[in-house]
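Encoded as structure tokens, the structure appears first; notes follow it.
Have a look at this one:
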């Protein structure tokens with residue numbers, strides 16, 4: 004059994020889904036070169052103190068700055084108090100497996116960005132001033148990377164891009180954010196807590212792959228887009 008077969012089994016995908024993805028080949032990543040340089044914090048941001056006022060650790064992104072795939076998620080809980088980097092531990096391993104199932108990896112054609120710039124040990128949520136600063140940073144990163152597709156993982160990321168308490172819809176809708184298509188799926192932490200959702204998440208990822216193929220071909224289906 005290949006490594007990819009094992010990953011598909013771990014994701015709870017039946018042979019039906021395996022045959023489906025093999026029959027509809029996932030687009031291969033072009034060799035556009037890997038750039039592992041993480042986004043940096045400007046001196047003006049450091050001096051302003053806005054992003055760091057209630058935070059104990061700065062959360063950046065990681066991956067290929069020329070990526071076509073941009074994944075946005077929120078770091079779970081206290082896991083980043085002493086660790087630098089997005090999605091680590093068991094959550095990170097599951098995310099890596101999800102990428103592997105799509106024949107992707109973090110270092111090429113993929114960029115992972117946290118929905119917030121900072122993590123606060125003393126507050127469960129960021130104050131409004133910090134939220135606005137984080138939103139500005141998020142938009143700057145999206146403008147820098149210019150992905151073809153954004154995949155939000157979890158309700159926090161979806162809320163940030165939708166601007167409301169929009170419920171996670173697995174009816175496979177394509178949304179628009181600043182002129183870029185995005186789709187939504189579960190956060191890897193949710194999948195660790197409820198393994199029964201892994202098959203649903205896989206269908207979400209297959210749909211994302213289909214949207215990516217459409218974007219690459221320069222076509223669009225207006226009926227599939229949600230506002």
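Numbering (my numbering), first residue to last: 4 to 230. Glycine included, each C-beta is placed from N, C-alpha and C at the ideal position.
Residues of its chain near residue i, where Cβ-Cβ distance is below 8 Å and the 5 sequence neighbours each way are ignored
i           : result
residue 164 : 75, 153, 155, 178, 180, 185
residue 90  : 76, 78, 98, 115, 191
residue 46  : Here residue 46 scores only 38 on pLDDT, less than 50, and its place in the model is too uncertain to base an answer on.
residue 150 : 70, 71, 72, 73, 114, 183
residue 215 : 30, 71, 72, 151, 152
residue 64  : 41, 42, 89, 114, 115, 116, 117, 144
Chain-order list of residues whose beta-carbon lies under 6 Å from that of residue i (same chain, five-residue window excluded)
i           : result
residue 183 : 153
residue 52  : Only weak support is given to the placement of residue 52: the predicted model assigns it a pLDDT of 37, under 50, and the value that follows is read from those uncertain coordinates. Excluding positions up to five away in sequence, the list is empty.
residue 210 : 175
residue 187 : 155, 161, 171
residue 219 : none
Short Cβ contact (8 Å threshold) for residue i with residue j
i           : j           : result
residue 118 : residue 70  : no
residue 105 : residue 212 : yes
residue 94  : residue 171 : no
Same chain, Cβ closer than 7 Å to residue i, neighbours up to 5 away in sequence not counted
i           : result
residue 157 : 76, 77, 189, 190, 193
residue 108 : 102
Answer yes if the region 191-203 comes into contact with the region 140-155, meaning at least three C-beta pairs across the two stretches below 8 Å, and no otherwise. The answer is no - the region 191-203 does not touch the region 140-155, with fewer than three Cβ pairs under 8 Å.
Which runs of the alpha helix (DSSP H), 4 residues or longer, sit entirely within the region 152-211? Runs of the alpha helix (DSSP H) inside the region 152-211: 158-165, 191-196.
Could you give the uninterrupted runs of the alpha helix (DSSP H) lying entirely in the region 68-113, keeping only those of 4 residues or more? Fully enclosed alpha helix (DSSP H) runs of no fewer than 4 residues occupy 92-104 of the region 68-113, in order along the chain.
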